[in-house]
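One structure is given below, encoded as structure tokens.
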Amino acid sequence: MAVDVLTEIVIDRPCTEVAAYAGDPSNAPRWYVNIESVVWRTPEPVAVGSRMDFVARFLGRRLAYTYEVVELVSGERLVMRTAQGPFPMETTYTWQPVDADRTRMTLRNRGEPAGFAKVTAPVMAAAMRRANQKDLVNLKRILERSH
């Protein structure tokens, strides 16, 4: 069973600001509840081919994985992918202006769990949805408070 979780939020900041902050993996530990650290394996800034090591806690487990940026449309879309572990994952961010001062951001996680992770996929998807909603609310709070 594939997992495909899509969440979105409207942030009261211009699209360029939201994309610049959320699209910089170095900021992930500040707004993602479950991400503990990000270490760059390639030189910054983010570009297609960039790789970063992420450490996260999810459902009580420590997860370490490397994301690679596979698509980047500056200010509009960022796609990162990992093929490691029991749960290969693709994360997509999109940013669309609602108007000059507001941005609709979507966060999509999808993947095909293997082994035991396949059995827990429905629980994982529900937990991911809750976490992603919290993360986007966190991001909104950070960006709206900073101005």
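Numbers 297 to 443, taken from the working numbering, label the letters of the sequence shown in order.
Even for Gly, the Cβ is constructed at its ideal location relative to N, Cα and C.
Applying the criterion that 16 or more other CB atoms from any shown protein chain within 10 Å of the CB defines a buried residue, is residue i buried or exposed?
i: proline 341; result: exposed
i: leucine 403; result: buried
i: threonine 338; result: exposed
i: valine 301; result: buried
i: glycine 356; result: exposed
i: valine 415; result: exposed
i: valine 365; result: buried
DSSP three-state label for residue i, please.
i: alanine 396; result: coil
i: arginine 309; result: coil
i: glutamate 408; result: coil
Comparing alpha-carbon positions, which option in the options lies nearest residue i?
i: leucine 374; options: Pro384, Asn405, Lys430, Tyr328; result: Asn405
i: alanine 316; options: Gln392, Arg425, Met420; result: Gln392
i: glutamate 440; options: Arg357, Glu313, Ala379; result: Glu313
i: valine 419; options: Cys311, Thr378, Phe354, Pro384; result: Phe354
i: glutamine 448; options: Gly319, Ala318, Phe350; result: Residue coverage of the chain in this structure runs from 297 to 443, which leaves residue 448 outside it and unanswerable.
i: alanine 410; options: Thr388, Pro384, Ala423, Ala421; result: Pro384
Are the beta-carbon atoms of residue i and residue j separated by less than 8 Å?
i: tryptophan 289; j: asparagine 428; result: Limits of the chain in this structure are 297 at one end and 443 at the other, which puts residue 289 out of reach.
i: valine 344; j: leucine 359; result: no
i: arginine 398; j: isoleucine 305; result: no
i: serine 333; j: proline 325; result: yes
i: tyrosine 363; j: arginine 347; result: yes
i: methionine 376; j: threonine 390; result: no
i: alanine 298; j: glutamate 372; result: no
i: aspartate 395; j: valine 329; result: no
i: isoleucine 331; j: alanine 318; result: no
i: threonine 303; j: arginine 425; result: yes
Runs of 4 residues minimum, wholly inside the stretch 321–398: which ones carry the alpha helix (DSSP H) assignment? 324–327
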